[in-house]
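Here's the structure we're looking at; comments come further down.
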Ligand SMILES: Cc1ncc(COP(=O)(O)O)c(C=O)c1O
Ligand SMILES: Cc1ncc(COP(=O)(O)O)c(C=O)c1O
């Protein structure tokens, strides 16, 4: 039954060694009156019947051409990623507490941390967090801890899901959250300047932001630091193949979703969140960190380090409650980056921008459609339509296209705006189809 | 480009070490006038473009419910088989010439050989042949070598593809092939008795045979041996979970297709052929054989053995020309057998027979349909229809069902007969559908 | 072994990208661009494959080795569940959130919804959210739900009571949500001291968090009383169900009176641990807490279709990007379908059998701080070996050489030189006997040749590592 | 390590089968049944997974290790081709052979057909069959085609001429088809002695089989002359193209005048070797041989649809169950699409560059029986080391300890103490340099400390094995 190997004979021998008469006897610590009142579950089935059932369920999902992003992106995944992350020594191991028999995971996570540092231009990364949204919340809490202050300022152009997570995480803490409504889809710098004071722990921005806008925050760092606050930036990993990294903009803590690096969309997970910070903040990082050291013979090796930050040692004084993280997904991210390599990531980022710029022009050419703002964009951009974007999206879904995310859902007043994502996987033909169908939905 | 790692700098260094000016220079042994006159191939593409292309091609195949067999069977394949055979140490290794770093393959192949011996009831198996048909041809040649005789007698109820292979293999040898037309879909024992003489090297039968008929050949062994010939039997691996093994019937050489053991249908390959023989014939076996031995410290280990039978040593005097075999598929077979286990294989075989018997009754209940013969069957059986079976098959293919194999294609005169295969993967519902559609095709 | 950055060769190329079918865009102005490409390695595909294949061979996992890491439930992860999760890889989560998009995700939504229903029945709770991304994340979500409940009721609460036998994530999660943690010591019976608990209980206590079975592997027979006392004081009771493997089909937290429970799909429901994650920590609640569940919630509409609830004003809001670690949920769902009712009961029976077997075969050589029937794991103290200057860590390293992953050591912290063994139900008697043999050999060696234990491990590619150096130098990124 | 039969426990169960939805059939009469179940092991799924995972870790492959096994082309097998082959797993081959069934297999038939067309262009032949299941099988098929050709022409032929520098499968294949093999020695220029060849050539010669480049890694500049002479004598010429890696895009056997050629998809076209197989050995022929190609043949009908030719009376018949090792063909097709024209030319260039680099960096320490530019592989003799009682096998075993799979040794047999090194094009200079270093170290050790070489390997789970005992005892099946 199931996956237990016990034969009746073995069970008998084991019970005898224990000195009880039946397996039931072993449950005597559970008082009779506490026993399960019900356990009404279906009978089991073979893996083949299970697969048939799940295949049926998979067939209930529809297939559309996705021009949507919002944190998760439809990027290529080289076959080596699935293959190597499918090595069972990686995926059936757990947190590498015993380094001598876990150098595979540990070295890979050290390499991952190094890749995140190189991508972001920062010096200290942990071994992954749950996702981009919770990473942003952890960054906020980190800034609150580091500064001892009690207010965070968040650009309203940050991904609305991630802002919601920050709000939920901080809801029960004595912390004030200020969200700055974006102006023209970009950070309202003027309003920010007025709000930066000595209560502010962090300014949190995103680049590119939810509208698709790309910014250079190089000047912001100094401004924020002058007020004694930290600059936190969410970033889109693949865009860093092209865009100025947070480390070059004075950012203190960078976070993001790692899904774009070799993790399947998989209806939203599992993927991973990354967090990287300036070296001086390393002791305030949440989660596992791998460090380099040597063995007794002086050979290089890797261990979990600075564990005194963590819950299993510090309990309620830990920097975070995180225990299990998303290591396997981080490993996928590393394999993805390694197989594309330095030039490959640059090319991938460029390809995304080329496709998106092409699509932007093609869609702006549709009658009545205008580009939301003249901010530069990467692979997402916003449009203003002559109709409610939600209705257009509904119409195009029926035509097999997910045309974009209606901004009005998240920005009241923007009901006619749509943010469109174009990755390297979208073809010229699909873009033309989108333009044609959009025209149709708007004017037929 | 492609998968070569060379940078221009490295190429320069390597050419310098060789002492030539360019890679082109290295091809100087090929005279100019022999150079390729054309090499007109399409430009390369990324793996993603390749996958898109192949996905399109896969979509050009149709999907039907298969009630066909003929050597290859639609059986369950536990997920562990793909997973474990996907360990790259197995599949990116080659023939284990160097045993110290190949104990994984060698031990697995030894275990495979043992499994084949246990399934067939014989004592010596090799490490796989190409497929069941070529295995039958190799068995014929083995019997010719062993007996020094020049005639083989083949039951006409042996798989017609396999008989064709035997004919092709022996076509240029001074050998006579006698094929006995089956009587009522079974071996014509009477006619065989009349043909058994001292020129006969082998009698070759199949169990279950192409019509689906199951036989007990226990008496045949003695009869054949008396004439100094060998009894060769093709068998269907999964059926051996239930049916009397060749070793218990006096068979000298057993062969078969291993596809039914954990190998995907994959449009007919790769799978494997197995061959097993009485121990005294081991030096006449074709192909690789793994044997047990010890290392310098007396620890058990495994090596390729009796290599002096093989082409790389014996050249034209080898027992066969086979070099690469189907080891990975044999490994799949072993993993399949190990994960089902002793009782699992019995259950699988029984389940096949239960489904087939159920289907046989259901189809025999269709107006005008009769059962071909009263011979016992395993998971295939033949029917007589009141119409040409080929026409019925064409009609049912249009309804999404591969109803069976028309016997007339291979047995002139049997145009109205159909052999139907029902594995454990066919559901009661599918069987009912087949019966309904068959009725419809016959009478509407 | 060389780092992947050390084998990089300038100019070498790996995976090739699709050719562009559009013109190149006008480049962005320089201020938006990175000065130079990120310092990623330059490798061929074979370089990458060989590097990570080799790294994998410097690791062990459940598939290679018995892995009785206490508190982690390192059971066999059925391969069919990996195949199952593959069926759902291409669906973009955003699609379900578009107007009209739910219709395109009925299959995946059904898995989340049905898994929730199954977990309701398994835990005896009224509703379940599958959104939390790991056990600790579930705990935090659960405590947030409790906070929202109290806030809605106008209750002013400051404290969360946590016994010291609870998992470290419990107090950490309570603290993340802004509560002060009151720690209650363990009494001789093996769990929270009841008198100390009663003394700590007052109207400002928001919740009591029980890990059950606790980190000593023991079942607390007083949980009903604790629930009642807490409820009487206006507190809710939280059940850390990460150790559910011990009680599947035997006890349901909901029946006992617990208000919130989380389970670890990656432990009890057989999904792989991925060198540290991903996990999934669904949370079950009683009726009173349903209004506060995080968004988006998967609900069944009257017409039978599944929909996403996105606009519940009482909800605590959002705890994760989308709908949880869907791939993990799908694996756990596949696992639960395969096992079914009898299979799940079999899990707890065999998990408890295996743990008690190991405990009884070792308790003559190692101290049992609480000598009683254990549940799915048992905790020894290697304190007796300190006289030979042998520590729990030395036993652990010796076990590596014997072909085992060591048990958890030095956790729980309330046991000196703790050795926490969780065999899980998928291990055979033969494997346990071999492990018991190695543990006994270690205890004997501690007396006869302690230096041999101190040398271990000797069969690994590296020997013991200097952890102090790592912490001091904080070299966490290849320079 | 224990055998899988040794870890079996009576009554233990592994993978569960689907429940039956039909009644049990009346059992067959006893005489048709086996007396007792086959002695298969009884294991849990975890037992199986751990056993084979551990076995895999006692193996090395291209993915773990440089594998310069001469004559085997152990290049990197791109993972994307594995994914490609997965797309076609469920199609039953019988379906295409049913009346009306071809329509349901147009995708798979197109792969076979297009792969054939690509191979025609690559080899310069007029038609290709993808049916042969490996290189040797292709050779046999090719020789059968030649036999059928002669038979149809009424030619009476008895002999096949094979130089001793050809691969062992060549004479073996010729013998399988009933020809007498005439072996021609190798001349100092590194291939078939032309005078001896001319002397052997007569009207009864059916074919001349050339391995090109030959097993010495050398290109024979006289192949055109050999073709012409053979043709003049009424013989056909066979090109063993298993070493095509060396000449992709440089030379096409068809252009030179060869009548039949086989290629090894599992070598040149990047499909994995699976611990010994599967392979695939398509055969290309010139027009005159097309009528004899094996059935079923994939042909394009006038309407563009692909069909199966099953009833050609001139055909040699059938050489395999169905259409060849389709999964291997699909991988090779994926590989060829990815590489394209430039990629394939790059293969031969880099394969030849790598081999010549290794050859030149080692020829001061090892003897080169034929000191000239090699093609994709080079063959040394370790004969010089015999003075220290060091053999090629000792070098091989030492290389294992250094982290390499050894080259082929003692093959070809025409070189004493042969060491046959085929680096392949996917290996980097750094890897070659490390290998060269180890080879040089071995040569030095042979002088200084030959015993160290004799001890090798010491890093493997077992040391050198007693092959004589294995051959004597013939223990090939666990009792
Ligand atoms: C009892 C207990 N609670 C909570 C957790 C935390 O779960 P996670 O690691 O998934 O966050 C664990 C993890 O091992 C645990 O054992
Ligand atoms: C030159 C040559 N010819 C023929 C063969 C036989 O090919 P196969 O092993 O696929 O039968 C080989 C195999 O290595 C070879 O190297």
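Chains as they are written, first to last, in my numbering: chain F, 53 to 496; chain Y, 53 to 496; chain U, 12 to 490; chain P, 12 to 490.
Ideal placement from N, C-alpha and C gives every residue a C-beta, glycine not left out.
| Query | Result |
| --- | --- |
| Please list, in chain order, all residues of the same chain as residue 124/F whose beta carbon is under 8 Å from its beta carbon, the five residues on each side excluded. | 309, 311, 312, 317, 320, 323 |
| With burial defined as no fewer than 16 other Cβ atoms inside 10 Å of the residue's Cβ, what is the status of residue 321/P: buried or exposed? | exposed |
| Tell me which residues share the same chain as residue 331/U and place their Cβ nearer than 6 Å to its Cβ, disregarding the 5 neighbours each side in the sequence. | 142, 144 |
| Hey, is the region 428 to 438 of chain P in contact with the region 396 to 409 of chain P, meaning 3+ C-beta pairs nearer than 8 Å? | yes |
| Quick one: what's got a C-beta closer than 8 Å to residue 456/Y's C-beta in the same chain, skipping five residues either side? | 119, 120, 435, 441, 445, 470, 471, 472, 473 |
| Can you name the residues of chain F whose CB is closer than 7 Å to the CB of residue 494/P? | Residue 494/P lies beyond the range of chain P shown here (12 to 490); nothing can be said about it. |
| With a threshold of 7 Å (Cβ to nearest heavy atom), would residue 379/F be considered close to ligand 1? | no |
| Given this structure, state the Cα-to-Cα distance separating residue 411/F from residue 485/F, to the nearest angstrom. | 11 Å |
| Looking at residue 341/P: is its Cβ nearer than 8 Å to the Cβ of residue 103/Y? | no |
| According to DSSP, simplified to helix, strand and coil, what is residue 381/F? | helix |
| Classify residue 233/F: buried if its beta carbon has 16 or more other beta carbons within 10 angstroms, exposed otherwise. | exposed |
| On the CB-based measure, 16 or more other CB atoms within 10 Å of its CB, does residue 130/Y come out buried or exposed? | buried |
| Got a sec, what are the start and stop residues for the beta strand (DSSP E) residue 309/F sits in? | 305 to 309 |
| Which residues, taken in chain order from the region 58 to 81 of chain P, show a beta carbon closer than 7 Å to some beta carbon of chain F? | 58, 64 |
| Taking the alpha carbon of residue 424/U as the reference point, which residue from 167/U, 154/U, 225/U, 35/U has its own alpha carbon closest? | 225/U |
| With ligand 2 as the reference, list in chain order each residue whose Cβ lies under 6 Å from any of its heavy atoms. | 375/Y, 376/Y, 82/P, 83/P, 145/P, 146/P, 147/P, 178/P, 180/P, 222/P, 251/P, 253/P, 254/P, 275/P, 290/P, 292/P |
| Give me the Cα-Cα distance between residue 160/Y and residue 315/Y, rounded to the nearest whole angstrom. | 16 Å |
| Express the C-alpha separation of residue 80/Y and residue 65/Y in angstroms, rounding to a whole number. | 20 Å |
| For a contact meaning CB atoms closer than 7 Å, what does residue 130/F contact in chain Y? | 99 |
| Given a limit of 9 Å on CB to CB distance, which residues of the region 54 to 65 of chain F reach chain P? | 54, 55, 56, 57, 58, 59, 60, 61, 62 |
| Using alpha carbons as the reference points, say which of 231/Y, 137/Y, 94/Y, 154/Y lies closest to residue 380/Y. | 137/Y |
| Where DSSP assigns a beta bridge to residue 389/P, which residues make up the other side? | 432/P |
| Could you check the C-alpha separation between residue 229/Y and residue 125/P for me, to the nearest Å? | 36 Å |
| Thinking C-alpha only, which one of 113/F, 167/F, 153/F is nearest residue 16/U? | 167/F |
| Using a cut-off of 8 Å between C-beta atoms, extract the partners of residue 135/F located in chain P. | 90, 93 |
| For residue 266/U versus residue 251/F, is the C-beta spacing smaller than 8 Å? | no |
| If residue 250/U sits next to residue 264/U, beta carbons under 8 Å apart, how far is it from one beta carbon to the other, in whole angstroms? | 4 Å |
| Quick check: is the beta carbon of residue 157/F nearer than 8 Å to any beta carbon in chain P? | no |
| Once the 5 residues before and after residue 421/P are set aside, which same chain residues still bring their CB inside 8 Å of it? | 403, 404, 428, 429 |
| Could you tell me the alpha carbon to alpha carbon distance between residue 156/U and residue 270/U, rounded to whole angstroms? | 10 Å |
| Any C-beta of chain Y sitting closer than 8 Å to the C-beta of residue 22/U? | yes |
| Compare the Cα-Cα distances from residue 153/U to each of 209/U, 94/U, 261/U, 186/U and report the closest residue. | 186/U |
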